[in-house]
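Q:
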Amino acid sequence: MFKLKRLQDKPVLSPDERHDWEKAAVFNAAVIYDNNLFHMFYRASDNPFFLDTEKPDPERKFTSVLGYASSTDGIHFKRYDEPVLRPSGLNDSWGIEDPRLTKIDDTYYLLYTSFGGRDWNDIRVTMVSSPDLKQWSEPVVLLPDEPNKNAALLPEKINGKYVLFHRRHPSIWTAVSDDLIHWTDHTEIMAPRKGKWDSKKIGIAGPPLKIKDGWLMIYHGVDENNTYRLGAALLDEHNINRIKARQDEPILEPELDWEVKGLIPNVVFSCGECIVNNHLYIYYGAADTHIGVAGIPVDSIIF
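If you count the sequence shown from 1, position 232 lands on 251 in the working numbering, and the numbers rise without skipping.
(1) With C-beta atoms as the reference, is T132 less than 8 angstroms away from K80?
(2) Please determine, among F68, P174, D76 and M59, the residue with the shortest C-alpha to C-alpha distance to Y87.
(3) Identify whether S90 lies in helix, strand or coil by the three-state DSSP scheme.
(4) Here's the rule: buried if 16 or more other CB atoms are within 10 angstroms of the residue's CB, otherwise exposed. What is K220?
(5) Which residue comes first and which comes last in the alpha helix (DSSP H) that contains E278?
(6) Quick check on H239: buried or exposed, where buried means 16 or more other Cβ atoms within 10 Å of its Cβ?
(7) Return the chain-ordered list of same chain residues with a C-beta closer than 6 angstroms to the C-beta of R265, the five sequence neighbours on each side being excluded.
(8) Which of helix, strand or coil does DSSP assign to L129?
(9) My parser needs the beta strand (DSSP E) runs of 3 or more residues fully inside the stretch 199 to 232; what are they?
(10) Quick one: what does DSSP say E332 is sitting in, helix, strand or coil?
(11) Using a Cβ-Cβ cut-off of 7 angstroms (strictly less than) and excluding sequence neighbours within five positions of I191, which residues of its own chain qualify?
(12) Please check the pair I230 and I320, which I expect to be a contact at CB under 8 angstroms, by giving their CB distance rounded to whole angstroms.
(13) Can you tell me whether DSSP reads E243 as helix, strand or coil?
(14) Could you have a look at L161 and say whether DSSP puts it in helix, strand or coil?
(15) Let's see if you can read the secondary structure: which residues bound the beta strand (DSSP E) around I283?
(16) According to DSSP, what are the bridge partners of L32?
(17) I need the straight-line Cα distance from T308 to I200, nearest angstrom please.
(18) If we define contact as Cβ-Cβ less than 8 angstroms, is V286 a contact residue for chain B?
(19) Determine whether the beta carbon atoms of I294 and V182 lie at a separation below 8 angstroms.
(20) Suppose the cutoff is 6 angstroms on Cβ atoms and the five residues either side in sequence are ignored; what does the same chain contact list for S149 look like?
(21) Since M146 and L130 are thought to touch, with beta carbons under 8 angstroms apart, how far apart are those beta carbons, to the nearest angstrom?
(22) Would you kindly work out how many angstroms separate the C-alpha atoms of R119 and W40, rounded to a whole number?
(23) According to the Cβ coordinates, are R98 and L26 closer than 8 angstroms?
(24) Is the beta carbon of K180 closer than 8 angstroms to that of V195?
(25) What is the DSSP secondary structure of L249, reduced to helix, strand or coil?
(26) Going straight from the alpha carbon of S218 to that of M236, what length do you get?
(27) Who are the near neighbours of G136 in its chain, counting only those whose CB is closer than 7 angstroms to its CB and skipping five residues on each side?
(28) Our contact map puts I283 next to A306 with C-beta atoms below 8 angstroms; I'd like the distance itself, whole angstroms only.
(29) For L104 and P158, what's the separation of their Cα atoms in angstroms?
(30) With I262 as the anchor, note down where its beta strand (DSSP E) starts and where it stops.
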C-alpha cells in the first residue's frame, strides 16, 4: 500500500482575477513531461458553477476553456495570458472540460469533455491532436452516440490497436480502435465498491503509466457524501482489461483548507500524472478551484 505526499502545502496554480476567463477557477489539468518541461493544459472557468437546476441555466452560464502553463521543476509554473483552446460550436458552447494528454509516437492527443449545455447530459468525449503542442487539429467526437466523459488514451498500442479508457456511468471502461475513430470491444474493467470510499462512481485520472509490474492507473472515486478521492490500480502490461491489483485505501483525499473549501467542496480530482527522474508527479484539481501536486518515488509504489 502507498500514499501520496504533497510536494507543497499550497496550490501550484490558482484563479487569476486579471483574466476574465480564469477568474473563478483553475483545476483538472492534463500534464506531460517532454523536452525537459512539464507541460500543463488546465481547465479554467470564468464564473462559479451552478448545478442545482433541472437544466443548465443560461442566466448563470459558466464556460470552461483550456489554459497552458509550463515548468522546469514541476512546482513553479509560468502560464499564458490567453487560453489555448476555446469552445468552437454547439457541442461545446458551455465549455471544454477535464483534459487528458497522451503522446503516441510523434503525435500528442488531447482528449476532453465537450459540454453543450442543452441539458446536464450534453457531454461528449472529444479529441484534438498536435505535432508540437501548439497547433491543434479540428475536434473530433469519439463516441458520438452516448453521453460520456473521463476519457484517456493508453500511451502505447496493444496488439496493434489504440486503447481508450472512458466512463460509462458509474465504472471505468475500455475500447479499442484501428483508426481512433471507430471504437469496438467496449469492456467494463473496474466498478465502484459498495461501502468503500469509491462506492458511488469512479473514473480514470490521467493516461496510465508503465512501471515495472504493469500499467499504473490512477483514478478518482466518489462516496455517498460526494467526496472525491484518488486511488490506484495496477493493470496487466499485455492484457489491459485485467486488474492485477487495486489498492483498498485512497492515495490522496481532501485535507487542506483549499481542498476542502471551494466551488465544489471536498474534491481532489486528477487528469494528469507523469514520471520524471523516477518520481511520480500527480496534478489534481482541489475543490474545483485550484491545482495542487503530490507525488511519490516510483520505487515506493507497492500494491
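Using N, Cα and C, we set each Cβ at its ideal position, and we do this for glycine too.
A: Considering the structure as presented:
(1) No, they are not a contact pair.
(2) Considering only alpha carbons, the answer is M59.
(3) Correct three-state label for S90: strand.
(4) With 16 or more other Cβ atoms within 10 Å, it is buried.
(5) Annotation: the continuous alpha helix (DSSP H) that includes E278 extends over D276 to V279.
(6) H239 sits buried, since 16 or more C-beta atoms from the chains shown fall within 10 Å of its C-beta.
(7) Cβ neighbours of R265 beyond the five flanking positions: A252.
(8) Here L129 sits in strand by DSSP.
(9) Here the runs fully enclosed are 203 to 209, 220 to 223 and 228 to 230.
(10) Outside the displayed span of the chain (20 to 322) sits residue 332, for which this structure offers no information.
(11) Within the same chain, I191 has close Cβ partners F184, I208, M209, I221, G222, I223 and Y238.
(12) With 8 angstroms as the limit, I230 and I320 qualify as a contact, their Cβ atoms being about 6 angstroms apart.
(13) Looking at E243 - three-state DSSP - the assignment turns out to be coil, as it is neither helix nor strand.
(14) Of the three classes helix, strand and coil, the one that applies to L161 here is coil, per DSSP.
(15) No beta strand (DSSP E) holds I283; DSSP gives it neither H nor E.
(16) Its beta-bridge partners are I310.
(17) If I take the Cα positions, the gap works out to 33 angstroms.
(18) Protein chain content of the structure displayed is limited to a single chain, and chain B is not contained in it.
(19) For I294 and V182, no; Cβs fall outside 8 angstroms.
(20) Excluding residues within five positions, the ones whose Cβ falls inside 6 angstroms are Y127 and W155.
(21) The Cβ separation is near 5 angstroms, so the contact holds.
(22) Cα-Cα distance, rounded: 20 angstroms.
(23) For R98 and L26, no; Cβs fall outside 8 angstroms.
(24) Yes, the Cβ-Cβ distance between V195 and K180 is below 8 angstroms.
(25) Strand, per DSSP.
(26) One C-alpha to the other measures close to 18 angstroms.
(27) Once the five neighbours on either side are set aside, the close Cβ partners of G136 are P75, S112 and W113.
(28) Right, the Cβ-Cβ distance comes to about 6 angstroms (below 8 angstroms), so this counts as a contact.
(29) Cα to Cα, the separation comes out at about 10 angstroms.
(30) I262 to R265 is the span of the beta strand (DSSP E), which, as asked, contains I262.
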